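Have a look at the structure below, then the notes.
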Amino acid sequence: MTPAFTVKGWCPGALRPMASGDGLVVRVRPTNGRLTAAQAAGLAQAAARHGNGLIDLSARGNVQLRGVTEGTHAALIDDLRALGLIDPDILSETRRNILVTPFADGETDALAATLAVALADVPPLPGKFGFVIDTGPAPILTATAGDIRLERGHDGGLILRPDGLPHGIPVTTETAAAEAIALARWFTETGGITDGRGRMAAHIARGHRPALPRTATPAPAQTPPGPGLVPQGALVAFEFGQMTATTLSGLAALGNLRITPWRMVLIEGLQTLPTLPGLILSQDDPLRRVEACTGAPGCLQAHAEIRPLARRLAAQVPPGRTLHLSGCAKGCAHPGPADLTLVATPSGFDLIQGGTAQDAPRARALDATGIDLKGLF
Ligand code: SF4
Numbered sequence: 001m002t003p004a005f006t007v008k009g010w011c012p013g014a015l016r017p018m019a020s021g022d023g024l025v026v027r028v029r030p031t032n033g034r035l036t037a038a039q040a041a042g043l044a045q046a047a048a049r050h051g052n053g054l055i056d057l058s059a060r061g062n063v064q065l066r067g068v069t070e071g072t073h074a075a076l077i078d079d080l081r082a083l084g085l086i087d088p089d090i091l092s093e094t095r096r097n098i099l100v101t102p103f104a105d106g107e108t109d110a111l112a113a114t115l116a117v118a119l120a121d122v123p124p125l126p127g128k129f130g131f132v133i134d135t136g137p138a139p140i141l142t143a144t145a146g147d148i149r150l151e152r153g154h155d156g157g158l159i160l161r162p163d164g165l166p167h168g169i170p171v172t173t174e175t176a177a178a179e180a181i182a183l184a185r186w187f188t189e190t191g192g193i194t195d196g197r198g199r200m201a202a203h204i205a206r207g208h209r210p211a212l213p214r215t216a217t218p219a220p221a222q223t224p225p226g227p228g229l230v231p232q233g234a235l236v237a238f239e240f241g242q243m244t245a246t247t248l249s250g251l252a253a254l255g256n257l258r259i260t261p262w263r264m265v266l267i268e269g270l271q272t273l274p275t276l277p278g279l280i281l282s283q284d285d286p287l288r289r290v291e292a293c294t295g296a297p298g299c300l301q302a303h304a305e306i307r308p309l310a311r312r313l314a315a316q317v318p319p320g321r322t323l324h325l326s327g328c329a330k331g332c333a334h335p336g337p338a339d340l341t342l343v344a345t346p347s348g349f350d351l352i353q354g355g356t357a358q359d360a361p362r363a364r365a366l367d368a369t370g371i372d373l374k375g376l377f
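For the sequence shown, position 283 matches number 283 in the UniProt record's numbering, and the numbering has no gaps at all.
Following this line, the structure appears as C-alpha cells:
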C-alpha cells in the first residue's frame, strides 16, 4: 500500500537542509551532543539572524533551526562554521550519525571520538543508520532509535550490540570502534540495504545473525529522567521540544549544554533549576504527556494545525498516559504506540487507541473543535 505521506529516507543536515512550510530546516549535529556556552550563544544568535528564531530539538539529540531561507543559508553556514558546528562536507555530516548518552563520562567521550574517526572507513550506510554510545552508568537510550549500540554490561564492561538482538559482543575501549565498523560491514555485506534504506533490527528480524565469538548481555536499561536536577546538572524541557532563540541564549548564560534525545537540555553542573520563561521544569506538567509534531503550517505534509489542539487536550491526559497528535500518518513526533493517537487527514482527525499513527483507527474524520478525550484513557 502506498503510504499517505512522503518517506524521504534521509535526514536533513546543515549543509543539506530540508524545505518545510516555514522555510528551510537546518539541522545541526553538535559533536557528542555538546554545546559550549559560547557555541550555544552563537547558535541562538544565528537562529535569530538567519532563521525565524524557532529551534527544535530532535529525537537524535540534534538542534534544528527553522525559517532559514535560500538567501540566508550561506551566511548561516559561515556563522556555524566559525562556531565549530559544521562538518567539512555533506558525506562527513551524514556519516557522523553518533548519538552519545547525555550522562557521558571521560571514557564515553573518548569512545565517541575514536568512533567518529573510524567512520571514515565505513562503507556507505543508509541515511538513518546510526550508532548509539550508551555507556553511562547503565543503558538509558534503549528506547532511542539506533542500529549499533555500545552499552555497559553487568560488570561495567563494554558490549557492542546490534539493535534487535538482546546480546552483543564484549569489547574494550581499544577494540570497540573497530568492532563497530566490522558490524556495519557485516550489515552491508549480508544485504541489509535495499534501495539505499535499511535498519539493523529489521535485518536481524529477517533471520540474519552476525557471528559473535563471545556474547554478553547489557545491564538492565534505565528509564530516562524527566526535567529536574540530576547528578550531572539541571535537565530542562520545552513545549513540544521547541524553544526560541531567546531561551537558548538564556540557557547559554548558565553554562555548557548537552542536547539530549529526550528533547531536553542538560545544563552542565547547574544545581538549581533555572527560572527562565519557556521552560518546563517538572514531569508533572501536562504538556509532558503530549507528543505533537510541527503540523501545519510548518510542515508541508500536514493536513491540519496540531499544536493548538495539543495544548487544549493536554489537560485531559491523565498522569502516566500519552497522547500523540500527528499532522499526517507519518507520526514523526512519536513513532511508537501511544495510549491515544490523533492523526490529521484531509477529512478530519482519525483516533487510534493503543497504536501508532499508522494503525487502524477506532473513529474517523473527527472535527477538531469537537474532540473530547474524557473517558477514553
Ligand atoms: S508527522 Fe507531522 S511533521 Fe511529520 S511529516 Fe507528518 S505532518 Fe509533517
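Glycine included, each C-beta is placed from N, C-alpha and C at the ideal position. Just so we're clear, the structure is a prediction, and the values are computed from it rather than from any experiment.
| Query | Result |
| --- | --- |
| Under a Cβ-count criterion, where at least 16 other Cβ atoms within 10 Å of its own Cβ denotes burial, should Glu189 be classed as buried or exposed? | exposed |
| Within the stretch 283 to 343, note down every full beta strand (DSSP E) run reaching 3 residues or more, in order along the chain. | 290 to 292 and 323 to 326 |
| So what does DSSP say about Ala19, is it helix, strand or coil? | strand |
| So, under 8 Å CB-CB, Val236 and Pro224 are touching, yes? Tell me the CB distance rounded to an integer number of Å. | Rounded, the Cβ-Cβ distance is 14 Å, inconsistent with contact. |
| Closer than 7 Å: is that where the CB of Lys128 sits relative to any heavy atom of the ligand SF4? | no |
| Measure the Cβ-Cβ separation of Ile159 and Ala184 and say whether it is below 8 Å. | no |
| Should Ala64 be listed as close to the ligand SF4, given that the test is whether its C-beta is under 7 Å from any heavy atom? | One point to set straight first is that residue 64 is Gln, not Ala, in the sequence displayed. No, the Cβ of Gln64 stays beyond 7 Å of every heavy atom of the ligand SF4. |
| May I ask you to verify whether the stretch 86 to 98 touches the stretch 327 to 337, counting CB pairs closer than 8 Å and requiring at least 3? | no |
| Take Leu251 as the anchor and find which of His167, Gly127, Gln45 and Gly21 has the nearest alpha-carbon. | Gln45 |
| If the criterion is Cβ atoms closer than 8 Å, does the pair Ala344 and Ile306 meet it? | yes |
| Determine the extent of the beta strand (DSSP E) in which Ile352 is found, giving its start and end residues. | Gly348 to Gly355 |
| Pick helix, strand or coil for Thr2, following the three-state DSSP scheme. | Because the pLDDT at Thr2 is just 47, under 50, the model does not fix this residue reliably, and the value given afterwards should be weighed accordingly. Of the three classes helix, strand and coil, the one that applies to Thr2 here is coil, per DSSP. |
| Around the Cβ of Ser326, are there at least 16 other Cβ atoms within 10 angstroms (buried) or fewer (exposed)? | buried |
| Could you check whether the Cβ of Ala118 sits closer than 7 Å to any heavy atom belonging to the ligand SF4? | no |
| Excluding the five sequence neighbours on either side, which residues of its own chain have a C-beta within less than 7 Å of the C-beta of Ala104, listed in chain order? | Asn32 and Gly136 |
| Which of the three DSSP states is assigned to residue 379 in this structure? | No information on residue 379 is available, as it lies outside the stretch 1 to 377 that the chain covers here. |
| DSSP has Glu268 in a bridge; who is on the other side? | Gly233 |
| DSSP has Gly228 in a bridge; who is on the other side? | Leu235 |
| Under the criterion of a Cβ to heavy atom distance below 7 Å, does Thr345 qualify as lining the ligand SF4? | no |
| Alpha helix (DSSP H) containing Glu107: first to last residue? | Gly106 to Ala118 |
| Answer yes or no: the CB of Gln301 versus the heavy atoms of the ligand SF4, is any distance below 7 Å? | yes |
| Taking the straight line between their C-alpha atoms, what separation do you get for Gly127 and Arg197? | 7 Å |
| Say yes only if the C-beta of Glu189 is nearer than 7 Å to one or more non-hydrogen atoms of the ligand ATP, and no if none qualify. | Annotation note on the ligand ATP: not contained in the displayed structure, which lists the ligand SF4 as its ligands. |
| How big is the Cα-Cα spacing for Leu76 and Leu141? | 31 Å |
| Quick one: using the 10 Å Cβ neighbour count with 16 as the cut-off for buried, is Ala360 buried or exposed? | exposed |
| Whole angstroms is fine: what's the gap from Asp66's alpha carbon to Asp87's? | The sequence given here places Arg at residue 66; Asp does not occur at that position. Distance between the alpha carbons of Arg66 and Asp87 is about 19 Å. |
| Assuming Arg27 and Gly13 form a contact by the criterion Cβ under 8 Å, report the distance between their Cβ atoms to the nearest whole angstrom. | 5 Å |
| Please tell me whether, using a cut-off of 7 Å, the distance from the CB of Thr356 to the nearest non-hydrogen atom of the ligand SF4 is below it. | no |
| Where does Gly153 fall in DSSP's three states? | strand |
| Determine the contact status of Ile259 and Val63, defining contact as a CB-CB distance below 8 Å. | yes |
| So, at 7 Å on beta carbons, what are the nonlocal neighbours of Gln232 in its own chain, with the 5 sequence-adjacent residues on each side left out? | Phe103, Leu266 and Glu268 |
| Just to check, is the beta-carbon of Lys374 closer than 7 Å to a non-hydrogen atom of the ligand SF4? | no |
| Below 8 Å between beta carbons: does that hold for Leu111 and Gly130? | no |
| Once the 5 residues before and after Ala234 are set aside, which same chain residues still bring their CB inside 6 Å of it? | Ile267, Leu270 and Leu273 |
| Straight-line CA distance for His167 to Ala245? | 42 Å |
| So, at 7 Å on beta carbons, what are the nonlocal neighbours of Pro162 in its own chain, with the 5 sequence-adjacent residues on each side left out? | Ile148, Gly168, Leu183, Met200, Ile204 and Pro210 |
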